[in-house]
Amino acid sequence: MGMPLKAAAPPRLAAQKWRILSMEIQFGKATLSLAENGMIVDMKFGNQSIFPKGQPSYMMRFFREGKPEDIRLTERKGSLLRYHFRDIEDTVSVLIDEKEGYTVFQVMDCPGCFDFLTIGPIVTALNDVVGDVVGVVQGKSAAIGIQALNEKTLPGIPCELIEQALYRRDEPTSSMTVGNLDYTAAAAFEMPFGSVLHLFCENRRRDRMKTVLYAVNCVPAPAMDRDDADIRGTKFALFSCDSPAALETIGRIEVGEGLPHPMLDGEWLKTSAKATSSYLIGEFGIETIDKMTAYAQKGGFSCLYHPEPFETWGHFELRKELFPKGDASLKECVEYAKAQRIKVGLHTLSNFTKTNDAYVTPVPDRRLKAMAPAKLAEDIAAEQIEIAVDRLAAFECPATLNCVRIDDELLQYSEYEPTDDGAAILKGCIRGAFGTEPAAHTKGNSAYKLIDYPYQTLFPDVELQDEFSDRIAELVDETGVSQISFDGLEGCEWTGEGEYAVNRFAMRCYEKFDHTVINDASRLHHFLWHMNTRMNWGEPWGEEMRVGQVEGRMRNQKFFQKNLLPAMLGWFLIRKANRKFEASTLMDMEWALSEAAGFDAGFALSASEDTLDALGTADEILEAIKNWERLRLEKRFGEELKEQLKKPETEWHLEKKDDRNFALYPMAISKPFVCDLLEMQPGQPGGADWSFENPFGEQKLAFRMKIEGYGYIEKPRFYTRKGMIRFDVRVKGGQYLIFDGAEAYVTDRNYNRLSEAEYEGTCLVEKGIAPLSFGCSFGGEEGPEVTVRVITKSTPYAISRD
9 MGMPLKAAAP PRLAAQKWRI LSMEIQFGKA TLSLAENGMI VDMKFGNQSI FPKGQPSYMM
69 RFFREGKPED IRLTERKGSL LRYHFRDIED TVSVLIDEKE GYTVFQVMDC PGCFDFLTIG
129 PIVTALNDVV GDVVGVVQGK SAAIGIQALN EKTLPGIPCE LIEQALYRRD EPTSSMTVGN
189 LDYTAAAAFE MPFGSVLHLF CENRRRDRMK TVLYAVNCVP APAMDRDDAD IRGTKFALFS
249 CDSPAALETI GRIEVGEGLP HPMLDGEWLK TSAKATSSYL IGEFGIETID KMTAYAQKGG
309 FSCLYHPEPF ETWGHFELRK ELFPKGDASL KECVEYAKAQ RIKVGLHTLS NFTKTNDAYV
369 TPVPDRRLKA MAPAKLAEDI AAEQIEIAVD RLAAFECPAT LNCVRIDDEL LQYSEYEPTD
429 DGAAILKGCI RGAFGTEPAA HTKGNSAYKL IDYPYQTLFP DVELQDEFSD RIAELVDETG
489 VSQISFDGLE GCEWTGEGEY AVNRFAMRCY EKFDHTVIND ASRLHHFLWH MNTRMNWGEP
549 WGEEMRVGQV EGRMRNQKFF QKNLLPAMLG WFLIRKANRK FEASTLMDME WALSEAAGFD
609 AGFALSASED TLDALGTADE ILEAIKNWER LRLEKRFGEE LKEQLKKPET EWHLEKKDDR
669 NFALYPMAIS KPFVCDLLEM QPGQPGGADW SFENPFGEQK LAFRMKIEGY GYIEKPRFYT
729 RKGMIRFDVR VKGGQYLIFD GAEAYVTDRN YNRLSEAEYE GTCLVEKGIA PLSFGCSFGG
789 EEGPEVTVRV ITKSTPYAIS RD
């Protein structure tokens, strides 16, 4: 963790002794005291100081050309706080409006000479819980919070002012599965002495050149002409309350200040259990909506979510093979699902722009976002494939498409060659890329390198981005879609307008929605916290369910908890068997369901129609989801039990007795025991001796056996010190023999039952470590491999809905 930097005394004023203003500012249960130089010199919660002595703290700072302006005098007259400066005559006035539980601060006048206003750093001694995104810090009993009240008031500190930061951290403030959060983008962060709260606003009425990720000082941000462009109008709230009341207080601020306060069925979504409702992810169209809603009903899901509905991104045209009448077909699907009490959701990639979209082809929109332009160094013909430009800068930035716009033509280059004079030659050019028209161009024409992404996409500028928002809102309103993901919101930052562009994109959608829309996003942002229902990160494709991002899912829960957000576990994929993975099992799903119950977190189940049709356990899995989720949402799992359910190393099985009563069994699944018969002669008895631990009481042997290879086994048998059992069955490669202690049956690789298996004998497994012997006959082209997992269970917990 980084240590605080020393606060620099205002130039020429270091020797002066500043008196504390007689008027303190109250915000909720706390008060802060200002000195005449604008520094916060104390903060009290009730009668207790929560201010870390010796740490520099400001209500506001004002910056010109990267340097803080010296504050000559800070004075308060009634509800107006005014800042006077040593080197400029103009003042900054801030309206203070003390309300029940919080105080609002709004910049009423600010001279245009300032590039940035920073709110803070406001320091506190509290750091038991630090909500870095939501902007709330908590101690044992007190909570202090900061809330931006409009889109242009942003969390953190701009990259242009990092050298002026009074406090820094080397480590991320949070680490989630979607990435790390740096203190520069956080509304609050922890320090050894306590915590720091900070926001900022930028003067956007000037041309600027921005750095976005790897594109250093080459993303233009042209001057804006709108109210959002001014520092005047910066607005935020400070609040303080008892720690348990922090969420309630934010809700009061939302209502009082006109922030998003989404309700569902009469309850605020931040406190509604329905905010954590799980949902089914699967493709559907006009021909399959009936089957997919039926699957959703079997799983007790309230929403069916389409992961890839669009043919184009930008105009967001729907896939014609699924929705032949476009929006009208989607509306038919929504209305059909609604009649089955199922809502419909869909995925977007926010402002990512596909190259097949009408904003790109056949005539590219001039508002596609580009880096700083170069000029053509010579006239070029329509078929010319080497093109000289007068500057290198943008072409050094790595890209996927290497796409350049010259007038109404797009071209792609394969490589560039720097020249000695700082220019470049673009080589291997594909002219008329993406269906545009190749043309001759004259020397001096601008060559714009378009910003792209590895998804083979481009981006709009901040003005064109508004049209994307309008189209999404139009689609949602016209069709009745009730859930949406703002995936890829970080793409908005490529406009050069940072988090302001993110806020503007999402809020423009939200404000145009004519009904409640459950929503999440690829990132959680401070201002958008109010409109977002939840986040649901975690898409571990290419891994087994118990392996995929388990540690990351746990980290996410801590992040949600400290940021007062409903809990979600991410996506879980159920699959049919393939060359890399076995088909998903009920035990796999119940592992995920137990985690969801423990954390009281929802999740998404990703399952295609093809998988659900092919999987023999699909109905069993969906029934389990319905039962587990009903009990979770009804709060039927006690706190002590939930602590056990959270542990990822545990296994559980829920058995329904009747509609009101359930038995929850702690389970144990052994490691895989393998008997490889490849090197043995057909007809020769095969077998193996193993040792395993049964953590529960003595019970009947239960197992799942998988056969792999081109042979088969016959008459498999097991021995323990407590008996022997033999199965009169042949099991081929690619099949399973499953025995639950009472019933034995053979399945294909997707757990579709093929036959029952007769058996004789009884085999008990003792408590503790015990030997287990296996034997069988085998035949076929080669000796197969046998893999066995032994399953044991304990006395169940009784779960009642009464």
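Residues 9 to 810 in this note's numbering are what the sequence shown spells out, letter by letter.
Yeah, the Cβ is synthetic: ideal placement off N, Cα and C, and Gly gets one too.
- Judged by beta-carbon spacing, residue 356 lies beyond the 8 Å limit of residue 465, meaning their Cβ atoms are not closer than that value.
- In the structure shown, the three-state DSSP call for residue 343 is helix.
- Residue 735 and residue 780 do not touch by the CB rule: their CB atoms are close to 15 Å apart, not below 8 Å.
- Per DSSP, the beta-bridge partners of residue 612 are 287, 579.
- In this structure, residue 359 keeps its C-beta atom at 8 Å or more from the C-beta atom of residue 415.
- Boundaries for residue 378: no beta strand (DSSP E) harbours it, and the DSSP string shows neither H nor E there.
- Boundaries of the beta strand (DSSP E) harbouring residue 424: 423-426, taken from the DSSP string.
- When rounded, the separation of the alpha-carbon atoms in residue 436 and residue 598 is 54 Å.
- One thing to note: residue 595 has its Cβ within 8 Å of the Cβ of residue 659.
- Around the Cβ of residue 248, a 10 Å sphere holds 16 or more other Cβ atoms; the residue is buried.
- Rounded to the nearest angstrom, the gap between the Cα atoms of residue 581 and residue 323 is 30 Å.
- In the three-state reduction of the DSSP assignment, residue 499 falls in the helix class, which pools H, G and I.
- Taking 8 Å as the cut-off, the Cβ atoms of residue 800 and residue 676 count as close.
- Residue 396 places its beta carbon 8 Å or farther from that of residue 439.
- Straight-line spacing of the CA atoms in residue 731 and residue 671 works out to 28 Å.
- With 16 or more other Cβ atoms inside 10 Å of its own Cβ, residue 615 counts as buried.
- Per DSSP, the beta-bridge partners of residue 66 are 47.
- Separation of residue 469 and residue 274 (C-alpha to C-alpha, rounded to the nearest whole angstrom) is 38 Å.
- Only residues of its own chain outside the window of five on either side were considered, and among them 408 have a CB closer than 6 Å to the CB of residue 462, listed in chain order.
- A contact between stretches requires three or more CB pairs, one per stretch, nearer than 8 Å, and the segment 262-280 fails this requirement with the segment 135-154.
- Taking the Cα positions, residue 183 is about 18 Å away from residue 144.
- Residue 99 is positioned such that its CB atom lies no closer than 8 Å to that of residue 44.
- Measuring C-alpha to C-alpha distances from residue 496 to each of 186, 35, 174, 41 identifies 186 as the nearest.
- In the three-state scheme derived from DSSP, where H, G and I count as helix and E and B as strand, residue 121 is classed as coil.
- As a beta-bridge residue in DSSP terms, residue 662 pairs with 672.
- When the alpha-carbon of residue 540 is set against those of 514, 553, 125, 678, the nearest one is in 514.
- The segment 203-212 makes contact with the segment 123-140, as at least three CB pairs between them are under 8 Å.
- In the three-state DSSP reduction, residue 337 falls in the helix class (H, G or I).
- For residue 104, DSSP records a beta bridge to 113.
- In the DSSP assignment, residue 88 falls outside any alpha helix (DSSP H) and within the unbroken beta strand (DSSP E) covering 88-93.
- The beta carbon of residue 750 sits closer than 7 Å to none of the beta carbons in its chain outside the five residues before and after it.
- Residue 265 places its beta carbon less than 8 Å from that of residue 157.
- For residue 653, the uninterrupted alpha helix (DSSP H) run begins and ends at 647-654, by DSSP.
- When C-alpha distances from residue 623 are compared across 603, 649, 586, 75, the shortest belongs to 586.
- Cβ atoms of residue 431 and residue 385 come within 8 Å of each other, at about 6 Å.
- For the set 193, 393, 148, the Cα lying nearest the Cα of residue 164 is the one of 193.
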